[in-house]
Amino acid sequence: MTDNKKQLEKYVDKFGLPSSEENESAVLSALLKDKTVFELMTEAGVGEQHFYSPTMKGLYLACCDLIASGKDIDILSVKASLNKNHSDENVVSTLMDLMVYEIPTFHVPSHIDGLVEYHQRREQALQSIKSFKESYNSKFTVTRNDDIMSSLESWNDIKNMDINVEWIIERHIPKGSITLVFGKGGIGKTWLLLDMARCIGSGISFLGFTTKKVPVVFIDFENPVAVLNTRTQKLGEADGVYFWRANNDKMKAPKLDSSSEWERYKCLPEGAVLIFDTLRASQSKDENASNEMGLIMGRLKELRDLGFTIILLHHTAKNSDNVAKGSTAIVDLADHILGLTRVKKK
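Heads up, the sequence shown is in our numbering, so the first residue is 14 and it goes up one at a time.
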């Protein structure tokens, strides 16, 4: 038993965790020459944790500092940032090597994917070691049947609970729920949700239905700012509504399938309404795969259980006006569903 455990740790000690050094070199070399590579990395959910080499991580963080301060990425600026952070000579030497390292532009996305995959492999290796240790060292957890039964709730316990449904928008958007709003492209989903956001944030009625005034964060992965500007002008003034855009210059909206960046949503105002436009654009998983959509919906449930109200804009399946697109896990794991369809004249 002990020998097996030591063998697993010895293997990692000897060979190290899965390394993505080749991908790290390629991506950083491209980033040093083209600032737009940072956008591709952000879309893929790549952050400092994806850089296994301390040297590469130091270079990446130096580039992030420059981008955050609105500066261009050039060798002098990067060197100045490294010196400011007291980086060793090895980091500066690696910087010079990367500047002469050439990589075809069309290879960059593949190397970014490599960063993500090798990060996942390292996490799997660490989890395997942790699980192996826990299998031998964790406490005895078998519980007696009578302990389990005393913790369960009876039929009458549930029946006698005094629970009232609270509404963000009366009879339309329940508070503390995940609501899926689906419809064909171009039918007006974004217009509808923008008006809902305006009414909720301002505490005014929506189409005659009362609203509960709470902060609203409209998380937009689809619309250019010019479109939002035109639509907000047409809809008029609003209070308590904020936009977090995917191409926000200060802080881009994180994708729901990112490794840890998505947890920034947990820092938004307590009890706020979070509107994701759209579910498809807010993550990079296969929307037809139930296990992958289960992961995304699971993260949204975490946000819901923290007190947020979630609204997801979603498309319909091909050749259908009343079926949501993608895996049934999306519909199954949502709490509330609204379909937006055109009224057909007879």
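C-beta atoms are modelled at their ideal positions from N, C-alpha and C, and glycine is treated no differently.
When the Cα of Gly196 is compared with those of Leu30, Ser38, Asn332 and Leu74, which residue comes out closest?
-> Asn332
Can you tell me where the beta strand (DSSP E) with Lys180 in it begins and where it stops?
-> The sequence as given places Trp at residue 180; Lys does not occur at that position. Trp180 -> beta strand (DSSP E) spans Trp180 to Ile182.
On a CA-only basis, which of Ile171, Arg244, Val104 and Asp175 is nearest Trp204? Give me that one, please.
-> With distances taken between Cα atoms, Trp204 lies closest to Arg244.
Just tell me which of Ile161, Ala239, Val227 and Val40 has its CA closest to the CA of Lys188.
-> Val227
Which runs of the alpha helix (DSSP H) fall wholly inside the region 261 to 322 and span at least 4 residues, in chain order?
-> 303 to 318
Express the C-alpha separation of Leu139 and Met14 in angstroms, rounding to a whole number.
-> Note that Met14 has pLDDT 45, beneath the 50 cutoff, so the model's placement of it is unreliable and the number below is only indicative. Roughly 19 Å between the two C-alpha positions.
9 Å Cβ cutoff met for Val230 and Phe256 | yes
Count the CB pairs spanning the region 43 to 61 and the region 82 to 90 that are closer than 8 Å, and state whether there are at least three.
-> A contact exists between the region 43 to 61 and the region 82 to 90.
Could you have a look at Gly214 and say whether DSSP puts it in helix, strand or coil?
-> Of the three classes helix, strand and coil, the one that applies to Gly214 here is helix, per DSSP.
Would Val105 pass as a contact of Val59 if the rule is Cβ separation under 9 Å?
-> Contact flag unset, no.
Which listed residue (Phe219, Asp110 and Leu351) has its alpha carbon closest to that of Ile182 | Phe219
Beta-carbon spacing of Leu53, Glu61 below 9 Å = no
Secondary structure at Val104, three-state DSSP: helix, strand or coil?
-> helix
Can the beta-carbon of Asp348 be found less than 9 Å from the beta-carbon of Arg312?
-> no
Which class does Phe51 belong to by DSSP, given the choice of helix, strand or coil?
-> helix
At 4 residues or longer, and completely inside the region 181 to 247: list those alpha helix (DSSP H) runs for me, N to C.
-> 202 to 215
Close Cβ partners of Leu308 (< 8 Å) along its chain, the five nearest in sequence each way excluded | Excluding positions up to five away in sequence, the list reads Asp270 and Lys298.
Quick one: is Cys280 buried, meaning 16 or more other Cβ sit within 10 Å of its Cβ, or exposed?
-> So Cys280 ends up on the exposed side.
Contact under 9 Å by Cβ, Asn103 with Thr68 | Yes, the pair counts as a contact, with Cβ atoms nearer than the cut-off.
Residues bridged to Tyr255 [DSSP beta-bridge criterion] | DSSP output for Tyr255 lists Val230 as bridge partner(s).
Run through DSSP, which three-state label would Met14 get?
-> Per-residue confidence for Met14 stands at a pLDDT of 45, beneath the threshold of 50, marking its modelled position as unreliable; no derived number is given.
Between the C-alpha atoms of Phe202 and Asn177, what's the straight-line distance to the nearest angstrom?
-> Before going on, a small fix: residue 202 reads as Lys here, not Phe. Going from the Cα of Lys202 to the Cα of Asn177 covers about 29 Å.
Given a threshold of 16 other Cβ atoms within 10 Å of its Cβ, counted over all protein chains shown, does His120 qualify as buried or as exposed?
-> exposed
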